[in-house]
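As structure tokens, the structure follows; a few thoughts come after it.
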Amino acid sequence: MQEQAFRFGRARHLVGIAGLPSSAARETVGVIVLNAGLVHRIGPFRLHVEMTRRLNAQGYPTLRFDLSTIGDSAASGESQTRHQQICADVADAMKLLGEQAACQRFVLIGLCSGSQSAHMVACSDVRVAGAVFLDGYAYRTLGYHLRYYVPRLLDVKRWLGVFSRHRAQQGSGEPAFTVAPLPQAVVRADLAGMLERGLKLCLIYSGGISRYFNHARQFRECFGGLVRHPDVFTRFFKEADHTYILTGDRNRLLEQIERWLAQNFPVTAGASS
Amino acid sequence: MSARGEAELPFYFGPERALFGLFHAAGTPARKAVLLCPPLGQDQIRCHRLYRQLAQALVADGVAVLRFDYYGTGDSAGDSAEVDWERCLADAATAAAELRARSGIDQVFAFGARLGASIALASASAAQARFAGVLAWDPVLDGRAYVEQLDALQLALRIDRARFMQPRKETDVAAQWLGFAISDSLRQQIAGLHFKRPAAPTLLLESLPPDRPRAWNGFVVDAATIRSLQPPTPWDDPRRLEVAILSHPLIQAVTQHVREVA
């Protein structure tokens with residue numbers, strides 16, 4: 001299978017790479033990968049390239065592309081909010097992948113701000129059948145604070161300086177990515193709405209967001225009974241960093257996504273790379 | 274959308290259409306052509322936006338530009354672990370030929386940052402890419418020192434508390450440089466890099482931080498071929514590993530030089 005480069009979109013302003021398995025059936029979902037922060041479509045450390053190629057090998061049509069004004073994509077020239085732009089850009093991406101691979105339903109995958117974009121579109125677009133949120137919305141909970149502070153309160157050495165220096169260093173660093181959070185109640189209601197509409201959701205969070213998320217239990221602390229819904233899958237990769245800089249961590253993440261897709265959106269018989 | 278966006282064409286080219294390229298056509302018949310050779314590894318991601326800005330600045334001057342990814346990098350075919358130095362040189366020559374064909378201009382200049390500059394210098398000869406000139410931004414001229422530096426950064430990553438909740442094992446970080454798998458052969462190829470004299474007229478754009486060792490002395494022919502840029506570029510600052518490299522002075526220096534050369 002060979003990837004194809006496209007300039008597409010309502011103003012032909014978007015650039016993306018489609019991976020099109022030779023015999024993907026119409027029923028197979030298309031997978032669209034969204035920008036993580038300002039990193040162009042290949043993803044942090046080429047994560048999105050590895051991801052889409054592995055999914056192509058499983059028979060899924062994929063598209064990794066740059067949203068308006070990110071990477072190689074230009075502005076559309078329209079007067080729109082960023083929310084409207086993202087929804088319209090992803091709609092353009094679904095149209096392209098639908099034309100190229102005949103798929104009608106889509107799974108969105110996004111890391112950090114990409115997760116935020118995926119959330120935004122999944123709230124409103126009926127063509128979205130599922131979403132993978134990587135380090136998406138999360139909130140500090142009572143459990144988070146207990147897990148964070150109790151060990152530190154009991155650690156005399158930290159009180160003597162290590163902790164304060166570490167905090168000072170953290171404060172002076174330049175954040176590579178940040179997600180401006182929606183209120184917790186809004187996100188909970190959004191997720192509930194997605195589940196009511198039949199979407200399947202995969203939430204995978206990493207140890208790289210330990211500033212506000214530090215245990216698998218926190219999924220439930222943040223989102224309540226929603227996480228017990230049969231169409232919700234959660235996983236906490238404590239050892240990994242936010243952008244999966246180590247090849248072994250990337251591999252484990254990609255295996256997990258492949259497994260979740262295979263269980264929830266199996267490739268229709270006859271489709272292969 | 275602007276006509277500029279429409280003039281930027283993404284495509285695959287080369288043997289088995291394995292290489293990704295993005296051709297920036299000049300609005301008017303092009304008078305010159307520049308191939309932008311990307312660096313390798315995380316530097317490539319950090320420089321992506323700057324390369325695009327540089328391409329657009331050159332196009333505004335009537336210069337045709339091709340950006341591309343080597344095999345095993347960016348959107349090109351191949352895994353990161355398959356990146357090979359000799360293949361990079363061959364890919365640069367293939368890309369130069371593609372730029373000649375698309376622009377109709379035979380005289381092609383090359384720009385590169387860090388290892389991208391080293392690739393442009395190493396492939397500049399008549400037998401390979403036939404570059405009319407090279408603009409080399411902080412090129413890696415001493416491969417052994419560069420390998421030692423990347424190894425040290427990779428080792429430090431293992432215990433980076435701003436990144437990991439707990440220190441990682443040495444095996445977790447082995448055979449990688451800052452996010453990318455590397456083969457033993459690439460390590461040896463880069464360690465063996467050593468440049469003496471440039472094979473094409475070269476402008477060396479220098480912006481290393483003051484505390485970084487320079488290896489220009491044995492390489493440049495005269496001081497006029499060096500231009501210093503400010504501020505220094507934080508290539509090797511681990512705290513900025515995922516922060517884009519941007520430099521308006523660099524874009525000005527490159528566009529001015531290309532404008533002035535015959």
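Chains A and G are the protein sequences, given in the same order. Here the working numbering is used: position 120 in the first sequence is 120, and no number is missing along the way. Whatever position you read off the second sequence (first residue = 1), add 273 for the working numbering. In this text, a Cβ means the ideal position worked out from N, Cα and C, and glycines have one as well. These numbers were taken from a predicted model, which means no experiment stands behind them.
Burial state of residue i, where buried means 16 or more other Cβ atoms lie within 10 Å
i       : result
H119(A) : buried
N251(A) : exposed
V132(A) : buried
D316(G) : buried
R436(G) : buried
W159(A) : exposed
Q529(G) : exposed
Y149(A) : exposed
R64(A)  : buried
E515(G) : buried
R259(A) : exposed
T543(G) : Given a span of 274 to 535 for chain G in the structure shown, any question on residue 543(G) remains unanswerable.
D241(A) : buried
L261(A) : buried
G30(A)  : buried
I86(A)  : buried
I432(G) : exposed
T475(G) : buried
L20(A)  : buried
S79(A)  : exposed
Q218(A) : buried
S501(G) : exposed
P175(A) : Any reading at P175(A) is ruled out, since the residue's pLDDT is 41, under 50, leaving its predicted position unreliable.
Among the options, nearest to residue i - alpha-carbon criterion
i       : options                            : result
G207(A) : L246(A), A185(A), L195(A)          : L246(A)
H297(G) : E371(G), A395(G), Y343(G), A354(G) : E371(G)
D92(A)  : F236(A), G114(A), A240(A), R12(A)  : R12(A)
V186(A) : K95(A), Y60(A), Y137(A)            : Y137(A)
D231(A) : L199(A), D135(A), G59(A)           : L199(A)
V407(G) : Q422(G), S391(G), W508(G), A400(G) : S391(G)
F237(A) : I257(A), Q84(A), I42(A), A216(A)   : A216(A)
A405(G) : A472(G), Q503(G), P507(G)          : A472(G)
S353(G) : F293(G), K442(G), F453(G)          : F453(G)
E359(G) : Q525(G), L514(G), Y343(G), P486(G) : Y343(G)
I524(G) : Q422(G), L309(G), G300(G)          : L309(G)
R220(A) : A240(A), L191(A), H242(A), Y244(A) : L191(A)
H229(A) : G248(A), A240(A), E196(A)          : E196(A)
Q380(G) : Q449(G), R304(G), A393(G)          : R304(G)
A189(A) : A122(A), H242(A), T234(A), D241(A) : A122(A)
P538(G) : W489(G), Y419(G), W410(G), V420(G) : Outside the displayed range of chain G (274 to 535) lies residue 538(G), so it cannot be described from this structure.
G143(A) : D66(A), S210(A), L111(A)           : S210(A)
T62(A)  : I70(A), T69(A), S73(A), H48(A)     : H48(A)
I204(A) : E239(A), L182(A), P181(A)          : E239(A)
G314(G) : H467(G), K469(G), L388(G)          : L388(G)
A101(A) : S22(A), R46(A), T234(A)            : S22(A)
F492(G) : L466(G), R485(G), L430(G), R512(G) : L466(G)
Whole-angstrom C-beta distance between residue j and residue i, which should lie under 8 Å
i       : j       : result
R26(A)  : Q104(A) : 7 Å
L451(G) : L426(G) : 6 Å
T498(G) : L477(G) : 6 Å
I463(G) : R319(G) : That pair is no contact at about 18 Å.
F265(A) : V107(A) : 6 Å
A18(A)  : L97(A)  : 6 Å
D357(G) : I42(A)  : Between I42(A) and D357(G) the Cβ distance is about 19 Å, and since that is not below 8 Å, they are no contact.
F384(G) : V534(G) : In fact, because the Cβ distance is near 12 Å, the residues do not count as touching under 8 Å.
Y212(A) : R140(A) : 5 Å
Q449(G) : D509(G) : Rounded, the Cβ-Cβ distance is 16 Å, inconsistent with contact.
Heavy atom of the ligand MN within 6 Å of residue i beta-carbon
i       : result
V107(A) : The ligand MN is not part of this structure, which contains no ligands at all.
Closer than 7 Å to chain C by CB, residue i
i       : result
D348(G) : Of the protein chains in the structure, A and G, none is chain C.
Please determine if the segment 364-375 of chain G and the segment 279-298 of chain G are in contact, where contact requires at least 3 C-beta pairs separated by less than 8 Å. In short, these stretches touch, since the Cβ pair count reaches three.
Quick check for students: name the residue ranges of the beta strand (DSSP E) that lie wholly in the segment 283-308 of chain G, counting only runs of 3 or more. Correct list: 292-297.
Should the segment 401-417 of chain G be called in touch with the segment 329-344 of chain G, which here means at least 3 C-beta pairs below 8 Å? Pairwise C-beta distances place the segment 401-417 of chain G out of contact with the segment 329-344 of chain G, as fewer than three of them are shorter than 8 Å.
Runs of alpha helix (DSSP H) lying entirely within the segment 23-105 of chain A, each at least 4 residues, in chain order: The qualifying runs are 47-58, 82-101.
Run through the segment 457-503 of chain G for me and flag every whole alpha helix (DSSP H) of 4 or more residues, listed as ranges in chain order. Counting whole runs of 4 or more residues, the segment 457-503 of chain G contains the alpha helix (DSSP H) stretches 457-464.
Three CB pairs or more closer than 8 Å across the segment 457-475 of chain G and the segment 430-446 of chain G: The count of Cβ pairs closer than 8 Å, one atom from the segment 457-475 of chain G and one from the segment 430-446 of chain G, stays below three, leaving the stretches out of contact.
Three or more C-beta pairs under 8 Å: does that hold for the segment 110-130 of chain A against the segment 52-63 of chain A? At 8 Å Cβ cutoff, the stretches do not touch.
Any chance the segment 148-155 of chain A sits against the segment 218-225 of chain A, with 3 or more Cβ pairs inside 8 Å? The answer is no - the segment 218-225 of chain A does not touch the segment 148-155 of chain A, with fewer than three Cβ pairs under 8 Å.
Inter-stretch contact at 8 Å, needing at least 3 Cβ pairs: the segment 21-40 of chain A / the segment 83-98 of chain A: Three or more beta-carbon pairs separated by less than 8 Å link the segment 21-40 of chain A to the segment 83-98 of chain A, which places the two stretches in contact.
Alpha helix (DSSP H) runs wholly inside the segment 215-260 of chain A, at least 4 long, in chain order: Listed in chain order, the alpha helix (DSSP H) runs fully inside the segment 215-260 of chain A are 218-223, counting runs of at least 4 residues.
Whole runs of the alpha helix (DSSP H) within the segment 349-413 of chain G, excluding any shorter than 4 residues: Listed in chain order, the alpha helix (DSSP H) elements of length 4 or more contained wholly in the segment 349-413 of chain G are 358-376, 388-395.
Please list the segments of the alpha helix (DSSP H) lying wholly inside the segment 137-167 of chain A, counting only runs of 4 or more residues, in order along the chain. Whole alpha helix (DSSP H) segments, 4+ residues: 142-153.
What residue ranges within the segment 499-528 of chain G form continuous beta strand (DSSP E) runs of no fewer than 3 residues, ordered along the chain? Counting only runs of 3 or more, we get 499-501.
Ranges of the beta strand (DSSP E) found wholly within the segment 424-459 of chain G, counting only runs of at least 3: Taking only runs of at least 3 residues, no beta strand (DSSP E) segment lies wholly in the segment 424-459 of chain G.
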